[in-house]
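If you use numbering that gives the first Met the number 0, the sequence shown closes out at 278, no skipped numbers anywhere.
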Amino acid sequence: MSKTGALDLASGLGGKLEKNEVLSAVEKYEKYHVCYGGEEEERKANYTDMVNKYYDLVTSFYEFGWGESFHFAPRWKGESLRESIKRHEHFLALQLDLKPGYKVLDVGCGIGGPLREIARFSYTSVTGLNNNEYQISRGKELNRVAKVDRTCDFVKAEIEIGDGLPDIRMTGKCLEALKQAGFEVIWEKDLAENSPLPWYLPLDKSHFSLSSFRLTALGRFITKNMVKALEFIRLAPKGSQRVQDFLEKAAEGLVEGGKKEIFTPMYFFLARKPLSATE
Ligand SMILES: C[S@@+](CC[C@H](N)C(=O)[O-])C[C@H]1O[C@@H](n2cnc3c(N)ncnc32)[C@H](O)[C@@H]1O
0 MSKTGALDLA SGLGGKLEKN EVLSAVEKYE KYHVCYGGEE EERKANYTDM
50 VNKYYDLVTS FYEFGWGESF HFAPRWKGES LRESIKRHEH FLALQLDLKP
100 GYKVLDVGCG IGGPLREIAR FSYTSVTGLN NNEYQISRGK ELNRVAKVDR
150 TCDFVKAEIE IGDGLPDIRM TGKCLEALKQ AGFEVIWEKD LAENSPLPWY
200 LPLDKSHFSL SSFRLTALGR FITKNMVKAL EFIRLAPKGS QRVQDFLEKA
250 AEGLVEGGKK EIFTPMYFFL ARKPLSATE
């Protein structure tokens, strides 16, 4: 079952880390960042460790607030966040022209929310690839619940060790890299540009929504105090509040970046290996 209750949040916090390791993991994660005195070079060199710690620490918060799919989506007026996320997953399946029986690879699959939806939507077998052990074990559990565990699975692997997402790149650079790697780009677009509702709306504290209440200012205030209480009575590990704090900072940064239009989480491209002369 999807872990959406307060106790699920407390028990999942820290992922595969021992509960008494959470606080030191938070400190280590924070120290990778320049604002906590970290060096950019060190952060890049230890990228694998940083990403893993990040997802061990935040996965249960993501699941609690966002659901099983950890991505943004273009959103229409009158559509809930969950509906927009599912519609976006269907859009991806259609863009890939998926047909029943196809075998699909989802690189950077989280706990498999998109993978399960796409597999059910298109009758395909999807394998999720991810470098975080906790996310994979959650994903396998959720696959069993959704009854897609016979056709969908996970592999734990690292994509381009040390060179996955150490930096944020300009969209033009992504396009250039695709072409340099020999892909034919069929179409590309920043889907954030024409989204009727801004992608960052659920995280914007001035916005209120009943359907994504946990993401609103009031919802976040309640979660903050709940985590504080759970940490105090030792149901949540020491360091939990600090995870909530850096996620809060991340949310503020995302909203600001979105409003200034200097950051997008929805640069879409459809690319393929060029067809040979006989194809
Ligand atoms: C923002 S989450 C998105 C998850 C999923 N696509 C979804 O929408 O629910 C990014 C995912 O990429 C994985 N990831 C990041 N860097 C990776 C790397 N170098 N190798 C493998 N997986 C990686 C993370 O563990 C995480 O599961």
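Backbone N, C-alpha and C define an ideal beta-carbon position, used for all residues, glycine too.
Bridge-paired residues (DSSP) for residue i
i    : result
N129 : K155
R81  : Its beta-bridge partners do not exist; DSSP assigns none.
D189 : Y266
E183 : R271
R74  : L196
S124 : K102
Beta carbon of residue i nearer than 7 Å to that of residue j
i    : j    : result
L12  : P236 : yes
L8   : F90  : no
R137 : I110 : yes
T126 : D152 : yes
G257 : Y199 : yes
V25  : R241 : yes
F71  : P195 : no
A145 : L128 : no
D48  : G14  : no
K223 : Q243 : yes
V103 : T123 : yes
I158 : L269 : no
F267 : L190 : yes
S210 : S79  : yes
F60  : L246 : yes
K227 : A216 : no
A180 : V147 : no
Element boundaries [beta strand (DSSP E), containing residue i]
i    : result
L104 : K102 to V106
Residue i: CB within 6 Å of a non-hydrogen atom of ligand 1
i    : result
Y54  : yes
V290 : The chain is shown from 0 up to 278; residue 290 falls before or after that span and cannot be answered.
P113 : yes
F212 : no
N129 : yes
S23  : no
I117 : no
Q134 : yes
E157 : yes
F69  : yes
G64  : no
G256 : no
G238 : no
G107 : yes
For residue i, the first and last residue of its enclosing alpha helix (DSSP H)
i    : result
L269 : Where L269 is concerned, there is no enclosing alpha helix (DSSP H), although the beta strand (DSSP E) it sits in stretches over Y266 to R271.
A250 : S239 to K258
E62  : Y46 to G64
M169 : Where M169 is concerned, there is no enclosing alpha helix (DSSP H), given that its DSSP letter is neither H nor E.
G4   : Where G4 is concerned, there is no enclosing alpha helix (DSSP H), given that its DSSP letter is neither H nor E.
S210 : No alpha helix (DSSP H) contains S210, which DSSP labels as neither H nor E.
F120 : G112 to S121
V25  : V21 to K30
Are three or more beta carbon pairs between the segment 29–36 and the segment 251–263 nearer than 8 Å?
-> Contact between the segment 29–36 and the segment 251–263 is absent, because fewer than three Cβ pairs lie under 8 Å.
With a cut-off of 8 Å, do at least 3 Cβ pairs link the segment 38–56 to the segment 82–100?
-> Because the criterion of three Cβ pairs below 8 Å is not met, the segment 38–56 and the segment 82–100 do not touch.
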